[in-house]
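Q:
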Amino acid sequence: MSDHPDPVLRIRELRIPERPGADGWADFVALTAIGNAVEAEGTGTAELGFPAEINLGEWRQQEFDPRRAFLAEVVDADGVRAVGSGELHWSTEEGDDAAWLALSVLPAERRRGVGTALLERLTAEAHGLGRSVLQTWTAHRAERSGERLAARSGTGSVPSGDIGARWLSARGWVLEQVERVSVARLPLDATLAASRRRGALAHADGYELRHWSGATPDELIEGMLVLRASLSAQAPTAGLSVPEETWTPERLEAHDLAASAGGRVELTSVALHDGRPAGYCTVDVLPGRAALWGATLVLPEHRGHRLGMLLKLDALEHLAAADPDCRAVYTWNAEENRPMLAVNEAVGFTAIAVEGQWRLDGDRA
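When you line the sequence shown up against our numbering, it's residues 168 to 532, in that order.
What follows is the structure, given as structure tokens:
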């Protein structure tokens, strides 16, 4: 008989630290590291990882984007080691019945019940919040060959043999949407960018571009609230449960504060018509890392003027000035959003991965 007790798997909810180095910081670093490792394994690049210091900024702003974090740990004779992580996200919008789950299990720890234990715990917590719709995502490399699983929306697919797709499908989850993950290597071809800009400007009489870093200028707050609320209503969501967001000055202030944590800087470009925002896009600059595209939206009444192209080029020019050493920027777009994909392709973005967006309803959840 062995003198060593059998390993025990436990799921532990984390206390979010007030600042780097405070109580709970080591756990939060582990949470971030596991998420980064699984994202890198799925997409094939480590450039998408967030430093814990930057990640903490969003986790500290919970009033409008509540979330909870969990670690899966194995306790054995050698001590305690983190083998997986879980995140539970939900909205405060009235009537919303969905929760987003992020499940990450280190590759070496799979097929040992870790993912199942995390899913069971997060499902119970979501039900406790009154959420009957569960949603999650999986990352897959673009070059994967073999059989594909098509999204129920009819656009896009993921490799059906990938572990995440197999695991969720076996548990009744439905692939609702596929997002393309694309990268542009910087600097852009200056001749190509100038040509695209000239072509777009010919369709944009009456519009002007403006950009800034960090907090929203006071005189544009009202217009930006309209744009940010419109994004949640107009972005392609296929069969996912995504509520329309209510944006107030207080919410915008909280967003701007979270976007400036840990050295991160949010760059915003807007297209103005008669002085009012008609479209916008954002880019997150992370010190010493690839930039991450945030949002892009043009209001319906202003479409057809190539503003998407002009905003994209303006933001990339702003990025080059704000972080001259940045060598890549990544973006995510729904596969059914052909107009924006066409803009990205024309600028020089190429696909490196896809992300599947999954849903589980009602009694099955």
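Glycine included, every Cβ here is placed at the ideal spot set by N, Cα and C.
Let me confirm a value: residue 514 is counted as buried when at least 16 other C-beta atoms fall within 10 Å, else exposed. Which label applies?
A: Buried, because 16 or more other Cβ atoms sit within 10 Å of the Cβ of residue 514.
Q: List in chain order: all unbroken beta strand (DSSP E) runs of 3+ residues lying wholly within the segment 299-373.
A: 300-308, 315-317, 324-326, 341-352, all fully within the segment 299-373.
Q: Ignore the nearest five residues each way along the sequence and tell me which others in residue 300's own chain have a CB closer than 6 angstroms to its CB.
A: Excluding positions up to five away in sequence, the list reads 264, 265, 408, 528.
Q: Are at least three pairs of beta-carbons, each pair with one atom in the segment 303-315 and one in the segment 329-340, less than 8 angstroms apart?
A: They touch, by the three-pair rule.
Q: What would DSSP say about residue 515, mapped onto helix, strand or coil?
A: In this structure, residue 515 counts as coil in the three-state DSSP scheme.
Q: Under the three-state reduction of DSSP, which class applies to residue 281: helix, strand or coil?
A: The answer is helix: DSSP assigns residue 281 an H, G or I state.
Q: With contact counted as at least three CB pairs below 8 angstroms, one residue from each stretch, are the segment 445-456 and the segment 237-250 in contact?
A: No: fewer than three Cβ pairs fall under 8 angstroms.
Q: May I ask you to list the residues that DSSP assigns as paired with residue 257?
A: DSSP, once it has assigned bridges, lists 266 as partnering residue 257.
Q: Quick one, are the C-beta atoms of residue 202 and residue 428 less than 8 angstroms apart?
A: Cβ distance not < 8 angstroms, so residue 202 and residue 428 don't count as in contact.
Q: Start and end of the beta strand (DSSP E) containing residue 206?
A: Taken as a continuous stretch (DSSP letters only), residue 206 belongs to no beta strand (DSSP E), being part of the alpha helix (DSSP H) at 192-210.
Q: Drop a sphere of 10 angstroms on the beta-carbon of residue 349, count the other beta-carbons inside from all chains shown, and report buried for 16 or more, exposed for fewer.
A: Answer is buried; the Cβ neighbour count reaches 16.
Q: Please confirm whether residue 431 and residue 221 have their CB atoms less than 8 angstroms apart.
A: It is a contact, given that the beta carbons lie within the stated cut-off.
Q: Looking at residue 496: is its Cβ nearer than 8 angstroms to the Cβ of residue 458?
A: It is a contact, given that the beta carbons lie within the stated cut-off.
Q: In this structure, how does DSSP classify residue 444 when only helix, strand and coil are distinguished?
A: Note: residue 444 maps to strand in three-state DSSP.
Q: Return the CA-CA distance between residue 434 and residue 483, expressed in angstroms with no decimal places.
A: Distance between the alpha carbons of residue 434 and residue 483 is about 10 angstroms.
Q: Put residue 180 into one of helix, strand or coil per three-state DSSP.
A: Three-state result, residue 180: strand.
Q: Would a C-beta distance cut-off of 8 angstroms place residue 344 and residue 501 closer than the cut-off?
A: For residue 344 and residue 501, yes; Cβs fall inside 8 angstroms.
Q: Hey, quick one: how far does the alpha helix (DSSP H) through residue 393 stretch, first residue to last?
A: It spans 388-401 - the alpha helix (DSSP H) in which residue 393 sits, taken as one unbroken run.
Q: Helix, strand or coil for residue 478, going by three-state DSSP, please let me know.
A: It is helical.
Q: Could you tell me the alpha carbon to alpha carbon distance between residue 235 and residue 410, rounded to whole angstroms?
A: Rounded to whole angstroms, residue 235 to residue 410 spans 19 angstroms at the Cα level.
Q: On the DSSP bridge list, what partners appear for residue 241?
A: Bridge partners of residue 241: 176, 248.
Q: Among residues of its own chain, excluding the 5 on either side of residue 308, which ones have a beta-carbon nearer than 6 angstroms to its beta-carbon?
A: Taken in chain order, the residues that qualify are 211, 520.
Q: Would you call the segment 187-204 and the segment 387-400 touching, i.e. three or more CB-CB distances under 8 angstroms?
A: Too few Cβ pairs lie closer than 8 angstroms, so no.
Q: State the DSSP-derived secondary structure class of residue 501, mapped to helix, strand or coil.
A: If DSSP states are grouped into helix, strand and coil, residue 501 belongs with the strands.
Q: Does the distance from the C-beta atom of residue 396 to that of residue 412 stay below 8 angstroms?
A: Cβ distance < 8 angstroms, so residue 396 and residue 412 count as in contact.
Q: Return the residue from the list 355, 255, 375 that minimises the CA-CA distance to residue 226.
A: Selected option, being the one with the closest Cα: 255.
Q: Within the continuous alpha helix (DSSP H) that includes residue 219, where are the two ends?
A: Element bounds for residue 219: 219-227.
Q: Between residue 361 and residue 474, what straight-line distance do the alpha-carbon atoms span, to the nearest angstrom?
A: The alpha-carbon atoms of residue 361 and residue 474 are separated by roughly 15 angstroms.
Q: Applying the criterion that 16 or more other CB atoms from any shown protein chain within 10 Å of the CB defines a buried residue, is residue 312 buried or exposed?
A: Counting Cβ neighbours within 10 Å, residue 312 comes out exposed, since fewer than 16 surround it.
Q: Rank 281, 174, 278, 480 by C-alpha distance to the C-alpha of residue 355 and give the top, closest one.
A: The candidate whose alpha carbon is nearest that of residue 355 is 480.
Q: My guess is that residue 174 and residue 241 are in contact by the Cβ rule of under 8 angstroms, so how many angstroms apart are they, rounded?
A: With 8 angstroms as the limit, residue 174 and residue 241 qualify as a contact, their Cβ atoms being about 5 angstroms apart.
Q: Assign residue 492 to one of three DSSP states: helix, strand, or coil.
A: The answer is coil: DSSP assigns residue 492 none of H, G, I, E or B.
Q: In three-state DSSP terms, what is residue 429?
A: Here residue 429 sits in helix by DSSP.
Q: Would the beta-carbon of residue 469 fall within 8 angstroms of that of residue 440?
A: Contact flag set, yes.
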